[in-house]
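Peer 1: The structure follows.
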């Protein structure tokens, strides 16, 4: 059975899709926390930008899934949602707050605020943070320790940890709300991608639905490989085509490599998804037409003629039977049951203690996974 699964063309397509999709996801989204941090955002803003996605997905995925089942357009919606991943993720790399100054260290304990210079030949000495008053909440840092600091002009200026760029706090807030808008709209349209893919795979497996894990593990493989190679590339991505504070940076990273890798891999997943087949069971909403009446036999014809001569309708076996009211009532009840909202059925599952306990454990574990996913690399960057 395993050998047949390894050479099955449809399952090979599924494995390839999972590999590309999760490779794309793993090449960028685990690093979004430190990417937003590099733009001068604090932990609360990073948490909102990353934590908003699951809430939007929770609301939008059932909506798109219902439309896909009703219209029987699962593949079309899957391709559209994969395209939305690319269309709404790339602009996250274009939206940046405007730099207003640069930190120019003079020695280990003193620095000046200088005008931004988009000059690759202008180099800055290695930055030391021993002379900065780092607040308890961490990045971004105030620039009040600068030798040429002006409280009136520079009161709302901050600089991200491990960066030379200085931003204005209002500019960072404007960028935050614009990014939040992109995240909400993008997640609304891209949320059904993996849901529709999983539904197609489980339907394709049929009675072998327990083999879903054999397909999904290729996604984990892609995630790990993408994180490994993109992480190595990101460590060496310190050069910028136009950096406001000059040439190659020592700590600041150029995340263009991450966005480019994400776009290529998600595009590969989109191409692969064109080969995923969706199966639908045809269920007619119209009532079935009654079968045509059977041709009466010779004995039934003679009995019918005798009943007409004797005027005894009870002898006519070909007469239609009266409609049973109970059957009509049963059909109305079945139609009402079909129209009952599905969320009512879901809420009834909470009456089961085991089901409620399982959902609580999953909900509680979500807190831990969300914290690790959002702030793991933030923490590791602070430790370096």
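Residue numbers (the UniProt record's numbering): 1 to 384. Here a beta-carbon is modelled for each residue, glycine too, at the ideal position from N, C-alpha and C. As the structure is a computational prediction, the values presented were derived from the model and not from experiment.
(1) Under a three-way DSSP split, which group does residue 214 fall into?
(2) What three-state label does DSSP hand residue 250 in the structure shown?
(3) So which of 244, 272, 345 has the shortest CA-CA distance to residue 97?
(4) Applying the criterion that 16 or more other CB atoms from any shown protein chain within 10 Å of the CB defines a buried residue, is residue 259 buried or exposed?
(5) Roughly how many angstroms lie between the CA atoms of residue 265 and residue 162, to the nearest whole one?
(6) Thinking C-beta only, is residue 104 closer than 7 Å to residue 89?
(7) If you draw a straight line from the alpha carbon of residue 102 to that of residue 165, how long is it in whole angstroms?
(8) Assuming residue 192 and residue 61 are in contact, meaning their beta carbons sit under 8 Å apart, how far apart are those beta carbons, in whole angstroms?
(9) Check residue 143 in the structure and name its three-state DSSP category.
(10) Should residue 76 be labelled buried (16 or more other beta-carbon atoms within 10 Å of its own) or exposed?
(11) Tell me whether residue 105 sits in a helix, a strand or coil according to DSSP, three-state version.
(12) Going straight from the alpha carbon of residue 366 to that of residue 99, what length do you get?
(13) If you draw a straight line from the alpha carbon of residue 335 to that of residue 347, how long is it in whole angstroms?
(14) Output needed for residue 33: all residues of its chain with C-beta closer than 7 Å, excluding positions within five of it in sequence on either side, in chain order.
(15) With a CB to CB cut of under 6 Å and the five nearest residues on each side skipped, what residues in its chain are close to residue 227?
(16) Just curious, the alpha helix (DSSP H) that residue 115 is in, first and last residue?
Peer 2: On the basis of the coordinates in this document:
(1) For the purposes of this step, residue 214 is taken as residue 214 along the chain shown, with counting starting at 1. Helix, per DSSP.
(2) Here residue 250 refers to the residue found at position 250 when the chain shown is read from its first residue. Coil.
(3) Here the question's residue 97 lines up with position 97 in the chain shown. The residue with the shortest Cα to Cα distance from residue 97 is 244.
(4) Residue numbering aside, residue 259 sits at position 259 when the chain shown is read from its first letter. That one is buried.
(5) In the chain shown, residue 265 corresponds to position 265, counting from 1. In the chain shown, residue 162 corresponds to position 162, counting from 1. Whole-angstrom Cα-Cα distance: 29 Å.
(6) Locating residue 89 in the chain shown gives position 89, counting from the first residue. Locating residue 104 in the chain shown gives position 104, counting from the first residue. Not in contact: residue 89 and residue 104 (Cβ atoms no closer than 7 Å).
(7) The residue given as residue 102 occupies position 102 in the chain shown. The residue given as residue 165 occupies position 165 in the chain shown. Going from the Cα of residue 102 to the Cα of residue 165 covers about 5 Å.
(8) By one-based count along the chain shown, residue 192 stands at place 192. By one-based count along the chain shown, residue 61 stands at place 61. With 8 Å as the limit, residue 192 and residue 61 qualify as a contact, their Cβ atoms being about 5 Å apart.
(9) For the purposes of this step, residue 143 is taken as residue 143 along the chain shown, with counting starting at 1. Looking at residue 143 - three-state DSSP - the assignment turns out to be coil, as it is neither helix nor strand.
(10) As a working note, residue 76 is residue 76 in the chain shown. Classification of residue 76: exposed, given that the 10 Å Cβ count is below 16.
(11) Residue mapping note: residue 105 aligns to position 105 of the chain shown, counting from 1. In this structure, residue 105 counts as strand in the three-state DSSP scheme.
(12) Walking along the chain shown from the start, residue 366 turns up at place 366. Walking along the chain shown from the start, residue 99 turns up at place 99. Computed Cα separation, rounded: 36 Å.
(13) As a working note, residue 335 is residue 335 in the chain shown. As a working note, residue 347 is residue 347 in the chain shown. At residue 335 the pLDDT is 49, less than 50, meaning the model places this residue with poor confidence and gives no usable figure here.
(14) Reading the chain shown from its first residue, position 33 is the one you call residue 33. Result list for residue 33: 46, 50, 374, 375, 377, 378, in chain order.
(15) Working through the chain shown from its first residue, we reach residue 227 at position 227. Same-chain partners within the cutoff: 26.
(16) The residue labelled residue 115 in the question sits at position 115 within the chain shown. Looking at the DSSP string, residue 115 is not in any alpha helix (DSSP H), and its letter there is neither H nor E.
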